[in-house]
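Student: Residue numbers (our numbering): 7 to 436.
Below you'll find the structure I mean.
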Ligand SMILES: N[C@@H](CCSC[C@H]1O[C@@H](n2cnc3c(=O)[nH]cnc32)[C@H](O)[C@@H]1O)C(=O)O
Ligand SMILES: [Zn+2]
């Protein structure tokens, strides 16, 4: 059995109240088996971690990976104009092969910026699942479901097919969820059906919620409820594990309805800032015991998929909102990007901390740089100083996917050329 040792690194375990400490990490096949001091002869391969920080791979809890094809294509618009006038027409031109290429581009970017797991909601999910399998990253995949036009049940059939074909596959790296897109695209009957299926199969649900004030007024007009009340009344939070993307516009009483829920909220601060949506009440949610993870949303809105940017934006926004710099300290925001995200994807038994027994999903960050010197508080440096480009090595399921910033499972040059040609074709007729 293959054993890999990472030697003499700063270990940022994210376990309980542990502070970072210097030590070794021993990986056997796909799992961390030992932490602390490990002798050299225990390993087949050794990575010298001197001057590096090791932390659990980052978990991007909300994404539309192929939207990387629409990066910097249409910015500075209102969310609904952006979606209706630019994004949806461009998406209508995407073939399955385009989606495969876009997803691969997102995976390349994620691996290069320290993300080892992502939650995705899109179409042609088989192509995305195959790409996840090939590339070696970990993912929670969802076929987005909208119900605005009759489709003979095609979308739902695809959603079930994804779950049947891929849940637990690719050495366990792929899990799946049901993905009713949002309160404004899913009427009550459709949502009831999805909730029933999710309960029967014990599969989590991934849905957008309360992203804009317009959404709140639309749902109030239609149903006389807030979006959260609408989902709550349908029984979404009774038994299902639920991943709520955004949760920007939540009232005090909405937060009370979320109290005790399984799953939690995916906070996407950069996308929310850029689309002018607002500041999610992350601190209040956390005070009420609602779990909050971090996500980027698609690169079509966020521009990049760098989770270090999300960490900075998340903590700055809360500090500003509450006028209190003690809110969301460095360690807490690092947890949001790791173990809290793992909980949100119902994967905390496998990933999210550097704990012996867990999957070996981890990243090495090179601290030997002007902007990361000197070393006082490592967690502060990681949350406020590091960016994705400082990630040197990325390991998922015990397999090295990037070493010294070189991708090992993706031919970067070929990919970038391919994507440029496809992207130009997709937007040509929009
Ligand atoms: N349009 C597909 C469903 C796809 S679900 C995922 C969708 O989420 C959309 N999306 C991306 N970003 C956002 C956002 O910020 N809010 C709401 N929807 C978004 C995106 O356009 C994508 O199509 C169909 O007809 O079957
Ligand atoms: Zn989204």
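A virtual CB, placed ideally from N, CA and C, is assigned to each residue, including glycine.
Remember, it's a predicted structure, so these values are computed and weren't measured experimentally.
#1: If you follow the beta strand (DSSP E) that residue 69 is part of, which residue opens it and which one closes it?
#2: Pull up the distance between the alpha-carbon of residue 225 and that of residue 13, whole angstroms please.
#3: Using DSSP with H/G/I as helix, E/B as strand and the rest coil, what is residue 84?
#4: Go ahead and label residue 293 buried or exposed: buried means 16 or more other beta carbons lie within 10 angstroms of its beta carbon, across all protein chains shown.
#5: How would you label residue 159, buried or exposed, when you count the other beta carbons within 10 angstroms and need 16 or more for buried?
#6: State buried or exposed for residue 190, treating a residue as buried only when at least 16 other CB atoms are found within 10 Å of its CB.
#7: I need the boundaries of the beta strand (DSSP E) containing residue 149, first residue and last residue.
#8: If you measure from the CB of residue 152, is any heavy atom of ligand 1 nearer than 7 Å?
#9: Using 8 Å for Cβ pairs, my map puts residue 311 next to residue 119. What's the rounded Cβ distance?
#10: May I ask whether a heavy atom of ligand 2 can be found less than 7 Å away from the beta carbon of residue 112?
#11: So residue 115 and residue 74 are in contact, right, with Cβ under 8 Å, and what is the actual spacing, rounded?
#12: How about residue 97: is its Cβ closer than 7 Å to a heavy atom in ligand 1?
#13: So within the stretch 349-424, which uninterrupted beta strand (DSSP E) runs reach at least 3 residues, ignoring any that extend past its ends?
#14: Could you tell me whether the stretch 378-396 touches the stretch 328-344, where touching means 3 or more Cβ pairs closer than 8 Å?
#15: Enumerated in chain order, which unbroken segments of the alpha helix (DSSP H) with a length of 4 residues or greater are wholly contained in the stretch 162-236?
#16: Apart from the five residues just before and just after residue 405, which ones in its own chain have a Cβ nearer than 6 Å to its Cβ?
#17: Could you please give me the residues that DSSP links to residue 267 through a beta bridge?
#18: Would you report the Cα separation of residue 345 and residue 165, rounded to the nearest angstrom?
#19: Sorry if obvious, but does the Cβ on residue 303 come closer than 7 Å to a heavy atom of ligand 1?
#20: Starting from residue 34, follow the beta strand (DSSP E) in both directions and report where the run begins and ends.
#21: With distances taken from CA atoms, which of 36, 291 and 278 is nearest residue 316?
#22: Are the beta-carbon atoms belonging to residue 11 and residue 36 less than 8 Å from one another?
#23: Taking 7 Å as the cut-off, is the C-beta of residue 128 nearer than that to any heavy atom in ligand 1?
#24: The alpha helix (DSSP H) spanning residue 137 covers which residue range?
#25: Mind checking whether residue 163 and residue 432 have CB atoms under 8 Å apart?
#26: Return yes when the Cβ of residue 179 is within less than 8 Å of the Cβ of residue 145, no when it is not.
#27: Please tell me whether, using a cut-off of 7 Å, the distance from the CB of residue 68 to the nearest non-hydrogen atom of ligand 2 is below it.
#28: Any heavy atom of ligand 1 closer than 7 Å to the beta-carbon of residue 316?
#29: Please work out which residues of its chain come closer than 6 Å, Cβ to Cβ, to residue 108, disregarding the five sequence neighbours upstream and downstream, and give them in chain order.
#30: Let me check understanding here. Comparing Cα to Cα, which of 194, 282 and 208 lies closest to residue 218?
#31: Hey, out of 417, 356, 21 and 153, whose CA is closest to residue 140's CA?
#32: Can you list, in chain order, the residues of its chain with a C-beta nearer than 6 Å to that of residue 34? Leave out the 5 residues immediately preceding and following it.
#33: Could you check if residue 43 is buried or exposed, using at least 16 other CB atoms within 10 Å of its CB as the buried criterion?
#34: Ligand 2 and residue 251: does the residue's C-beta get closer than 7 Å to at least one heavy atom of that ligand?
#35: Just reading off the alpha helix (DSSP H) that residue 111 is part of, what are its end residues?
#36: Compute the distance between the beta-carbons of residue 323 and residue 275, then report whether it is under 8 Å.
Tutor: Reading off the structure:
#1: Residue mapping note: residue 69 aligns to position 63 of the chain shown, counting from 1. Run containing residue 69: 64-69, per the beta strand (DSSP E) assignment.
#2: Locating residue 225 in the chain shown gives position 219, where the first residue counts as 1. Locating residue 13 in the chain shown gives position 7, where the first residue counts as 1. C-alpha separation (whole angstroms): 54 Å.
#3: Taking the first residue of the chain shown as 1, we reach residue 84 at position 78. Reduced to three states, the DSSP call for residue 84 is coil.
#4: Residue mapping note: residue 293 aligns to position 287 of the chain shown, counting from 1. With fewer than 16 Cβ atoms within 10 Å of its Cβ, residue 293 is classed as exposed.
#5: Within the chain shown, numbered from 1, the residue matching residue 159 stands at position 153. So residue 159 counts as exposed.
#6: Translated into the one-based positions of the chain shown, residue 190 becomes position 184. Buried: at least 16 other Cβ atoms inside 10 Å.
#7: What you label residue 149 is simply residue 143 of the chain shown in a count that begins at 1. Element bounds for residue 149: 144-151.
#8: Here residue 152 is taken as the residue at index 146 of the chain shown, counted from 1. Residue 152 Cβ: within cutoff of ligand 1.
#9: As a position in the chain shown, residue 311 is number 305, starting the count at 1. As a position in the chain shown, residue 119 is number 113, starting the count at 1. About 7 Å separates the two Cβ atoms, so the contact holds.
#10: Reading the chain shown from its first residue, position 106 is the one you call residue 112. Not under cutoff, so the answer is no.
#11: Here the question's residue 115 lines up with position 109 in the chain shown. Here the question's residue 74 lines up with position 68 in the chain shown. Right, their Cβ atoms sit about 7 Å apart.
#12: In the chain shown, the residue the question calls residue 97 occupies position 91. Indeed, a heavy atom of ligand 1 lies less than 7 Å from the Cβ.
#13: 368-372, 397-402 and 405-409
#14: yes
#15: 194-207 and 219-229
#16: Residue mapping note: residue 405 aligns to position 399 of the chain shown, counting from 1. Closer than 6 Å at the Cβ level, and outside the excluded window around residue 405, lie 142.
#17: Residue mapping note: residue 267 aligns to position 261 of the chain shown, counting from 1. DSSP, once it has assigned bridges, lists no residue as partnering residue 267.
#18: Mapped onto the chain shown, residue 345 falls at position 339. Mapped onto the chain shown, residue 165 falls at position 159. Rounded to whole angstroms, residue 345 to residue 165 spans 27 Å at the Cα level.
#19: Position 297 of the chain shown, counted from the start, is the residue given in the question as residue 303. Yes, the beta carbon of residue 303 sits closer than 7 Å to at least one heavy atom of ligand 1.
#20: By 1-based counting over the chain shown, the position of residue 34 is 28. From DSSP, the beta strand (DSSP E) with residue 34 extends over 27-34.
#21: Here the question's residue 316 lines up with position 310 in the chain shown. Residue 316 has its Cα closest to that of 278, out of 36, 291 and 278.
#22: In the chain shown, residue 11 corresponds to position 5, counting from 1. In the chain shown, residue 36 corresponds to position 30, counting from 1. Not in contact: residue 11 and residue 36 (Cβ atoms no closer than 8 Å).
#23: Against the chain shown, residue 128 aligns to sequence position 122. Yes, the beta carbon of residue 128 sits closer than 7 Å to at least one heavy atom of ligand 1.
#24: Against the chain shown, residue 137 aligns to sequence position 131. Per DSSP, residue 137 belongs to the alpha helix (DSSP H) from 131-141.
#25: Counting from 1 along the chain shown, the entry for residue 163 is found at position 157. Counting from 1 along the chain shown, the entry for residue 432 is found at position 426. No, Cβ-Cβ distance for residue 163 and residue 432 is not below 8 Å.
#26: For the purposes of this step, residue 145 is taken as the residue at position 139 of the chain shown. For the purposes of this step, residue 179 is taken as the residue at position 173 of the chain shown. Yes; because the gap between Cβ atoms is below 8 Å, this pair is in contact.
#27: Position 62 of the chain shown holds residue 68. Residue 68 Cβ: within cutoff of ligand 2.
#28: Translated into the one-based positions of the chain shown, residue 316 becomes position 310. No, the beta carbon of residue 316 sits no closer than 7 Å to any heavy atom of ligand 1.
#29: Residue numbering aside, residue 108 sits at position 102 when the chain shown is read from its first letter. Counting only Cβ-Cβ distances below 6 Å, and skipping sequence neighbours, we find 72, 74 and 75.
#30: Against the chain shown, residue 218 aligns to sequence position 212. Of the candidates 194, 282 and 208, the one whose C-alpha sits nearest the C-alpha of residue 218 is 282.
#31: In the chain shown, residue 140 corresponds to position 134, counting from 1. Cα-wise, what sits closest to residue 140 is 417.
#32: Taking the chain shown and counting its residues from 1, one reaches residue 34 at position 28. Excluding positions up to five away in sequence, the list reads 7 and 9.
#33: In the chain shown, the residue the question calls residue 43 occupies position 37. Exposed.
#34: Sequence index remark: in the chain shown, residue 251 carries index 245 (1-based). Yes; taking the cut-off as 7 Å, the Cβ of residue 251 has a heavy atom of ligand 2 nearer than that.
#35: Indexing the chain shown from 1 puts residue 111 at position 105. Element bounds for residue 111: 102-118.
#36: Walking along the chain shown from the start, residue 323 turns up at place 317. Walking along the chain shown from the start, residue 275 turns up at place 269. Closer than 8 Å, so yes.
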